[in-house]
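Residue numbers (my numbering): 5 to 284.
Positions of the beta carbon are idealized from the N, C-alpha and C atoms, including for glycine.
Worksheet for the structure shown next.
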């Protein structure tokens, strides 16, 4: 086998979020329009590795994929062992804005999946002037849990394997076997209580309900992507959400579940390219 050096580079940035110092790991590739790529709950930036390795796309875009604090290679804030981790909307927004500021990004495109897609809608509502557009993947205004999140942080159950078992039901049957298992592996590696804390934000924050009409897509376009096999954020949820946002658009992706860029990158690519082309 001939060795192949990937073009992705990884770095750390030190910043302050809500008064606390945080060291965030991120990977990037490409030149051109910056695109922030945020991962799903309980995972990390490896979900975006196929996009960051796509030469046709990186010739036009600078893709930047961070690990949220507590995820992947980003350590938790100091004192994490003394507190319960429950991600909040305010902390999530502060993290995204602080990260973009630290890198000196001028109106990047924001692309996020699952909880990253939910926060795309929050950013579109609260900070549209900071971004040139939003790609909200597997996103809706609110999606209550159909499972007990406390199963993901118990002394009598392996949280990582419980998380992988949950997400396995949310991956489309058409997903290539290798990517199905790679996707589940990321959840198996999640830190104790991290998936639970992320899902607390994703399934309990209903602050967007009744607020979608306030999103002004003339200031920054909003495009939703949803997999037809997604049972957490169903196509009906995403379409309902898009319909409530004047000017928003939505694309239902055949043969794809809740983790499109990770579970089936080849099928996801044309939908993501079309979404990027909708951005100014």
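Residue range of the beta strand (DSSP E) that includes residue i
i: residue 260; result: Neither: residue 260 is in no beta strand (DSSP E) and is coded neither H nor E.
i: residue 244; result: Here residue 244 belongs to no beta strand (DSSP E); instead the alpha helix (DSSP H) covers 239–247.
i: residue 67; result: 65–70
i: residue 93; result: From DSSP, residue 93 is part of no beta strand (DSSP E) but of the alpha helix (DSSP H) over 93–106.
i: residue 230; result: 226–231
i: residue 13; result: 13–21
i: residue 137; result: 137–141
i: residue 33; result: 24–33
i: residue 39; result: 37–42
Per-residue burial, residue i [other beta carbons within 10 Å of its own, 16 or more giving buried]
i: residue 226; result: buried
i: residue 49; result: buried
i: residue 208; result: exposed
i: residue 180; result: exposed
i: residue 246; result: buried
i: residue 266; result: buried
i: residue 86; result: exposed
i: residue 23; result: exposed
i: residue 70; result: buried
i: residue 201; result: buried
i: residue 74; result: buried
i: residue 325; result: The displayed coordinates of the chain run from 5 to 284. Any statement about residue 325 would go beyond what the structure contains.
i: residue 235; result: exposed
i: residue 7; result: exposed
Endpoints, alpha helix (DSSP H) assigned at residue i
i: residue 53; result: 53–56
i: residue 130; result: 119–130
i: residue 191; result: 181–192
i: residue 285; result: The structure shown does not extend to residue 285, since the chain is modelled only from 5 through 284, so no value can be given for it.
i: residue 273; result: 269–282
i: residue 163; result: 163–172
i: residue 60; result: 59–62
Closest Cα partner of residue i within the set the options
i: residue 156; options: 190, 205, 228 and 198; result: 198
i: residue 42; options: 284, 18, 274 and 264; result: 264
i: residue 279; options: 53, 267, 254 and 270; result: 254
i: residue 4; options: 117, 238 and 222; result: The structure shown does not extend to residue 4, since the chain spans only 5 to 284, so no value can be given for it.
i: residue 185; options: 168, 55 and 201; result: 168
i: residue 274; options: 242, 21, 60 and 38; result: 60
i: residue 205; options: 94, 112, 33 and 235; result: 94
i: residue 40; options: 96, 114 and 211; result: 114
i: residue 62; options: 12, 71 and 122; result: 12
i: residue 216; options: 201, 203, 242 and 233; result: 242
i: residue 29; options: 36, 72, 9 and 8; result: 72
i: residue 145; options: 237, 183 and 282; result: 237
i: residue 131; options: 149, 147, 100 and 154; result: 100
i: residue 210; options: 233, 23, 147 and 260; result: 147
i: residue 233; options: 252, 268 and 38; result: 268
i: residue 66; options: 261, 34 and 83; result: 34
i: residue 124; options: 8, 19, 44 and 190; result: 44
i: residue 133; options: 120, 112 and 152; result: 112
i: residue 98; options: 190, 127, 272 and 250; result: 127
i: residue 239; options: 174, 8 and 251; result: 174
i: residue 213; options: 201, 244, 20 and 271; result: 244
i: residue 284; options: 150, 182, 153 and 38; result: 38
i: residue 92; options: 203, 177, 110 and 121; result: 203
i: residue 190; options: 46, 17 and 26; result: 46
i: residue 258; options: 252, 178, 251 and 68; result: 178
Residue i: CB within 7 angstroms of a non-hydrogen atom of the ligand NAD
i: residue 25; result: This structure lacks the ligand NAD; in fact it carries no ligand of any kind.
Neighbour flag for residue i against chain D, beta carbons, 8 angstroms
i: residue 208; result: Reference to chain D is not applicable here, since this structure consists of a single protein chain.
Residues sharing a beta bridge with residue i, DSSP
i: residue 255; result: 229
i: residue 49; result: Looking at the DSSP assignment, residue 49 forms no beta bridge with any residue, so it has no partner.
i: residue 158; result: 161
i: residue 113; result: 39 and 137
Stretch pair the region 137–147 + the region 223–243: three plus CB contacts closer than 8 angstroms: Because the criterion of three Cβ pairs below 8 angstroms is met, the region 137–147 and the region 223–243 touch.
Cβ contact (3+ pairs, closer than 8 angstroms) linking the region 75–85 and the region 104–112: Cβ pair count under 8 angstroms is below three, so no.
Inter-stretch contact (C-beta, 8 angstroms, three-pair minimum) for the region 163–171 and the region 183–200: Contact between the region 163–171 and the region 183–200 is present: three or more C-beta pairs spanning the two stretches fall below 8 angstroms.
Cβ pair count under 8 angstroms reaching 3, the region 126–138 against the region 209–225: yes
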